[in-house]
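S.K.: Residue numbers (full-length UniProt numbering): 1 to 118.
Even for Gly, the Cβ is constructed at its ideal location relative to N, Cα and C.
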């Protein structure tokens with residue numbers, strides 16, 4: 001499999017139904033983290049600052065994931081639950097039928113950046 005070198009290629013290679021959500025996540029992360037660098041790490045797109053991963057995202061067969069710090073997930077656990085989304089210690093999964101709210105993407109990214117600055 002050819003290694004995907006950038007966010008555009010990653011999104012283009014994702015299942016078609018997930019591409020609009022991935023593009024939206026990328027745009028919102030770019031806005032929330034204007035000083036962060038777009039990187040590909042472990043085959044997934046993400047944003048780093050000072051060499052520290054702040055936020056990443058990915059596509060699977062039927063859903064997407066947004067990956068941030070454990071502290072960001074904990075700080076927004078109520079918001080994640082209110083959106084009826086599932087969270088792990090460092091990620092939130094969502095799908096075309098149950099998308100992640102834009103405000104939640106931004107809030108998680110900012111909280112994750114704050115955790116990385118500590």
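According to DSSP, what are the bridge partners of residue 94?
M.R.: 64, per the DSSP bridge assignment.
S.K.: Using the DSSP secondary-structure output, state which residues sit across from residue 49 in a beta bridge.
M.R.: DSSP output for residue 49 lists 52 as bridge partner(s).
S.K.: Quickly, what does DSSP pair residue 41 with across the bridge? List them, please.
M.R.: BP columns for residue 41 point to 44.
S.K.: Less than 9 Å between the beta carbons of residue 70 and residue 115, yes or no?
M.R.: In this structure, residue 115 lies closer than 9 Å to residue 70 by Cβ.
S.K.: Measure from the alpha carbon of residue 104 to the alpha carbon of each residue in 38, 68 and 19, then state which is nearest.
M.R.: Residue 104 has its Cα closest to that of 68, out of 38, 68 and 19.
S.K.: Do residue 94 and residue 51 have their C-beta atoms closer together than 9 Å?
M.R.: No, the pair does not count as a contact, with Cβ atoms beyond the cut-off.
S.K.: If we call anything under 9 Å between Cβ atoms a contact, is residue 32 one with residue 110?
M.R.: Yes. Within cutoff.
S.K.: Relative to the C-alpha of residue 96, which candidate in 9, 6 and 19 has its C-alpha closest?
M.R.: For residue 96, the nearest C-alpha among the options comes from 19.
S.K.: Terminal residues of the continuous alpha helix (DSSP H) containing residue 78?
M.R.: Residues 77–82.
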